[in-house]
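The structure appears right after this line, and notes come after that.
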């Protein structure tokens with residue numbers, strides 16, 4: 001008697017798990033932006049307050065250059081901006097010149113002295129007024145110089161332009177930080193909240209994905225999380241050679257749980 005072999009029925013598409021029925025599109029999770037922190041001025045590095053892997057906040061001071069000379073000049077400018085000696089001296093001379101002019105003006109009216117004497121005292125009063133104005137101007141200039149030197153000192157404190165993590169430390173304390181785009185950066189930073197997800201879609205998907213649409217993103221193994229991202233950019237130029245176009249998603253990462261630089265699958 002011939003034995004019958006029973007084969008299991010084939011799974012239909014509707015019975016497949018979601019991941020098998022819709023494998024999604026290959027994507028890559030990356031930092032929203034990468035920043036190379038350089039100095040706007042040349043100077044010796046006096047302190048570096050962070051190490052690779054540390055989290056930083058926007059505006060946080062990360063690197064300080066030597067500011068001994070600039071701080072000495074700043075202290076001098078601060079002192080000049082509050083000095084009252086020149087102003088008080090000029091004010092006293094002006095008061096004396098006014099009294100002298102008023103007395104001589106009265107004597108001229110009584111015809112006791114020549115008009116020339118009154119005119120000379122008037123000229124002295126005008127010079128005393130100018131000296132007072134000059135002393136006041138010098139104090140204002142000292143205050144402006146203080147502000148300029150404050151900015152100079154601030155330029156030597158390198159602050160983080162983003163909230164993120166330090167990905168690389170390239171210079172050490174005691175080295176000279178160079179200025180300019182071609183100069184060696186002191187630190188490299190990456191913004192990890194939000195992250196950006198880059199997806200390449202076939203041209204057949206064009207028009208089906210729009211800004212503001214939601215997509216689910218599955219990180220590659222060993223990560224097992226599924227996250228929701230929002231479409232922020234849809235390229236308007238299709239690559240003719242490959243028949244594809246690019247889409248960018250924004251993926252919130254407030255707790256920093258999702259690492260950047262990993263592959264993923266995106267489903268729309």
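In the UniProt record's numbering, the protein residues as written are 1 to 268. Each residue gets a CB set at the ideal place from its N, CA and C atoms; glycine is no exception.
| query | Does the beta-carbon distance from residue 246 to residue 186 come in below 9 Å? | reply | no
| said: Measuring straight from C-alpha to C-alpha, what distance separates residue 117 and residue 104? | reply: 7 Å
| message | Can you tell me whether residue 213 is helix, strand or coil according to DSSP? | response | coil
| task | Take the Cβ of residue 149 as the centre, count every other Cβ of all protein chains shown within 10 Å, and call the residue buried at 16 or more, exposed below. | result | buried
| If you compare alpha carbons, which of 205, 40 and 55 is closest to residue 64? | 40
| query | Whose C-alpha, out of 182, 106, 97 and 107, is nearest the C-alpha of residue 129? | reply | 97
| task | Could you tell me if residue 173 is buried or exposed, where buried requires 16 or more neighbouring beta carbons within 10 angstroms of its beta carbon? | result | exposed
| request: Apply the 10 Å Cβ neighbour rule to residue 125 and answer buried if 16 or more other Cβ atoms are within range, or exposed otherwise. | output: buried
| field | Rounded C-alpha distance that separates residue 56 from residue 160 | value | 7 Å
| said: If you reduce the DSSP assignment to three classes, tell me which class residue 184 lands in. | reply: coil
| said: Let me check understanding here. Comparing Cα to Cα, which of 208, 120, 144 and 191 lies closest to residue 235? | reply: 208
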